Amino acid sequence: MKSNAFISSTTRTRIVVNCGLLIAISIVLKILFEVYIPLGGFPSLRLNITALPIMLSGILFGPLAGFAVGFISDILCFIIKPGGPFFIGFTLANGLTGFIPGLLFMMLRKKEIKHLEWFNLVFIALASIILAVSGTFGFDNGTIYYAGEPLSMVFFVLFIALMIAFAVFPIIVVKKSNLDSEYRSDHILFIVSVSQLVTSILLNTWFLSILYGQAVAVLLPARLITNIFLIPLYTIMLVGLLKILPSFIKQR
1 MKSNAFISST TRTRIVVNCG LLIAISIVLK ILFEVYIPLG GFPSLRLNIT ALPIMLSGIL
61 FGPLAGFAVG FISDILCFII KPGGPFFIGF TLANGLTGFI PGLLFMMLRK KEIKHLEWFN
121 LVFIALASII LAVSGTFGFD NGTIYYAGEP LSMVFFVLFI ALMIAFAVFP IIVVKKSNLD
181 SEYRSDHILF IVSVSQLVTS ILLNTWFLSI LYGQAVAVLL PARLITNIFL IPLYTIMLVG
241 LLKILPSFIK QR
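Numbered by full-length UniProt numbering, the letters in the sequence shown go through residues 1 to 252 in order.
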C-alpha cells in the first residue's frame with residue numbers, strides 16, 4: 001500500500017516539475033520570439049510559438065495540467081513583459097489552449113475516428129467565405145488591395161498557395177499517419193485546429209474587440225490568415241516533439 005502511495009506521489013511530483021519546465025519554456029518563447037503586427041493601430045496579430053509547450057502539457061499530462069500551464073504562464077508573462085493592459089479573458093484563453101488539447105486527446109486516444117481531415121476543409125471554406133464577404137481583398141483596375149491598401153501580386157499568389165496547401169495538408173497527414181501510434185498525426189492536426197479555432201480565432205478576437213473597441217469584422221480576417229499558417233506549423237512541431245518527449249519524460 002505504501003508502495004502505491006509512493007508511486008502516485010512520485011508521478012504527481014514528476015508532472016508538477018515537467019509542467020513548471022513547460023511554463024518556463026513558454027515564457028522564454030514569448031519574451032524572445034513574439035512579434036506583434038498592428039492593424040488599424042491596434043496589436044491585433046500576435047505571432048509566436050508559445051502555444052506549443054502549453055498544448056504539449058495538456059496532451060502529455062491532461063487537461064487540468066494544460067489549463068494550469070497556460071493560465072500561470074500568461075500571468076507570469078504579463079508580470080515580466082506586459083504587452084498591453086491586463087485582460088483576464090486572454091489569460092483564460094491561454095488556459096484553454098492547454099485544456100482543449102488535453103481534453104480532445106483523452107477523447108481521441110487509441111480510437112479509430114475517420115475523416116477528421118474534413119474539419120480543416122470546412123475551416124478553409126468558411127475562412128474563404130468570411131474573407132470574401134468582409135471585403136478584405138479588393139480588385140480595382142488590375143490592382144489587388146488588402147484592407148484598402150495596395151498588395152503585391154506576389155503576396156496574393158503566396159496567400160492563395162497557402163490556402164491550397166492548408167486544404168491539402170490534412171489529406172497528406174492522414175495518409176502518412178501511423179495508425180498504431182498513440183500520438184497520431186491526424187489526431188494532432190484536428191486537436192490543434194479546434195484549439196486554435198476556439199482560442200485564437202474566436203475568443204481572442206472577441207476579447208481584442210472588447211479591449212480596443214474594434215469591430216470583430218475588422219480583426220477576424222487577419223487572424224484567420226495567420227492561423228492558416230500557424231495550424232500546420234504547430235501540428236508539424238507537435239508531432240515531432242511527441243515522438244521524443246514521452247520517452248524522455250519517463251526516463252527522468
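Glycine included, C-beta positions come from ideal geometry on N, C-alpha and C.
The structure displayed is predicted, hence computed values, not measured ones.
Burial state of residue i, where buried means 16 or more other Cβ atoms lie within 10 Å
| i | result |
| --- | --- |
| Pro85 | exposed |
| Asp140 | exposed |
| Leu242 | buried |
| Pro150 | exposed |
| residue 253 | Past the edges of the chain, shown from 1 to 252, lies residue 253, and the structure says nothing about it. |
| Phe33 | exposed |
| Glu182 | exposed |
| Thr199 | buried |
| Thr53 | The sequence shown places Pro at residue 53, rather than the Thr named in the question. With 16 or more Cβ atoms within 10 Å of its Cβ, Pro53 is classed as buried. |
| Met55 | buried |
| Lys81 | exposed |
Assigned secondary structure, residue i (DSSP; H/G/I helix, E/B strand, else coil)
| i | result |
| --- | --- |
| Leu116 | coil |
| Arg184 | coil |
| Arg12 | helix |
| Gly58 | helix |
| Phe86 | coil |
| Pro214 | Here residue 214 turns out to be Gln, not Pro, going by the sequence shown. Gln214 falls in the coil class under three-state DSSP. |
| Lys81 | coil |
| Lys30 | helix |
Which residues DSSP lists as bridging residue i, in chain order
| i | result |
| --- | --- |
| Leu151 | Ile144 |
| Gly138 | Tyr145 |
Closer than 8 Å: residue i CB and nearest the ligand GTP heavy atom
| i | result |
| --- | --- |
| Gly95 | As far as ligands go, the structure on display features none, and thus does not contain the ligand GTP. |
Validate contact between the stretch 89 to 96 and the stretch 132 to 143 using beta carbons, cut 8 Å, 3 pairs: no
Counting beta carbon pairs with one atom in the stretch 93 to 109 and one in the stretch 60 to 70, are three or more of them shorter than 8 Å? yes
Does the stretch 228 to 238 touch the stretch 45 to 64, meaning 3 or more C-beta pairs lie closer than 8 Å? yes
Is the stretch 162 to 173 touching the stretch 20 to 28, taking contact as three or more C-beta pairs under 8 Å? no
Give a yes or no on contact between the stretch 220 to 234 and the stretch 103 to 113, applying the rule of three or more CB pairs nearer than 8 Å. no
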